[in-house]
Amino acid sequence: MFQTRIHGRGGQGVVTAAEMLSIAAFREGRHAQAFPSFGSERTGAPVVAFCRIDDREIRLREPVMRPDALIVQDPTLLHQVDVFQGIGTDGYVLINTARSFHDLGLGELESRMRPERLLTVPASELAMQFLKRPLPNAALLGGFAAASGLLSLDAVQHAIREKFAGSIADANVAAAKAAYDWVGEERRTAGAAPARGEATNA
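Just so you know, we're using the numbering used here here: the sequence shown kicks off at 1 and counts up by one.
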């Protein structure tokens with residue numbers, strides 16, 4: 001079972017991100033479960049959502065305490081909330097920022113985790129470019145597909161089109177593709193193996 005925890009703030013589409021991630025997994029024949037944590041979802045308040053993906057039926061219902069991957073939609077949470085709680089040394093971390101982990105003050109995390117699994121993408125900036133609104137969730141899912149290799153970009157784009165319609169869907173699909181390419185380049189620079197469906201020079 002692959003477990004993902006998504007941290008963000010109310011109004012950033014955190015719960016929608018988890019739902020789209022589960023839809024993408026269903027698209028590829030997997031079992032999936034998505035749900036938010038309980039608490040305030042007012043605009044600006046910290047929000048957490050979870051997604052589990054497995055090849056068999058998922059019976060767990062409790063929050064994800066030991067995630068295989070973390071997606072951080074708002075970097076201002078990094079030093080306000082323990083977003084890294086439970087993440088193992090082989091986990092994936094994807095943060096919505098153009099800054100490095102070192103610049104974010106996360107040197108300790110860098111020292112204990114695999115560098116090719118610590119990734120950033122300016123998802124809000126990409127969303128502004130395509131959507132004209134700083135909503136990073138769809139872009140981050142494209143980045144997550146490239147980071148983890150768990151899902152194809154096609155599955156993520158299908159999930160986006162299930163949640164949105166028309167020009168909004170088109171813009172989110174474009175943002176997801178841009179983020180996928182951005183993270184793919186980061187991984188190549190770090191010497192990581194290509195993600196699922198990612199083109200190679202072979």
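Every residue, glycine too, gets a C-beta built ideally from N, C-alpha and C.
Around the beta carbon of R99, fewer than 16 other beta carbons lie within 10 angstroms, which makes this residue exposed. A direct Cα-Cα distance of roughly 21 Å separates L94 from L131. Remark: C-beta atoms of Y92 and A171 do not approach each other more closely than 7 Å.
According to DSSP, residue pairing for Y180 in a beta bridge does not occur. S111 sits exposed, since fewer than 16 C-beta atoms from the chains shown fall within 10 Å of its C-beta.
Cβ-Cβ distances below 6 Å link Q33 to R52, I58 in the same chain, with the five nearest sequence neighbours on each side left out; the list follows chain order.
According to DSSP, residue pairing for P46 in a beta bridge involves R9.
Taking the Cα positions, P115 is about 34 Å away from F164.
When the Cα atoms are used, G105 and V156 turn out to be separated by approximately 31 Å.
Beta-bridge analysis with DSSP links T120 to I95. Comparing C-alpha distances from D103 to each of R5, A175, H79, G8 shows the shortest one belongs to H79. Rounded to the nearest angstrom, the Cβ distance from F101 to L118 is 5 Å, consistent with a contact under 8 Å. Contact annotation: L153 and A145 have beta-carbon atoms nearer than 7 Å.
Around the beta carbon of A176, 16 or more other beta carbons lie within 10 angstroms, which makes this residue buried.
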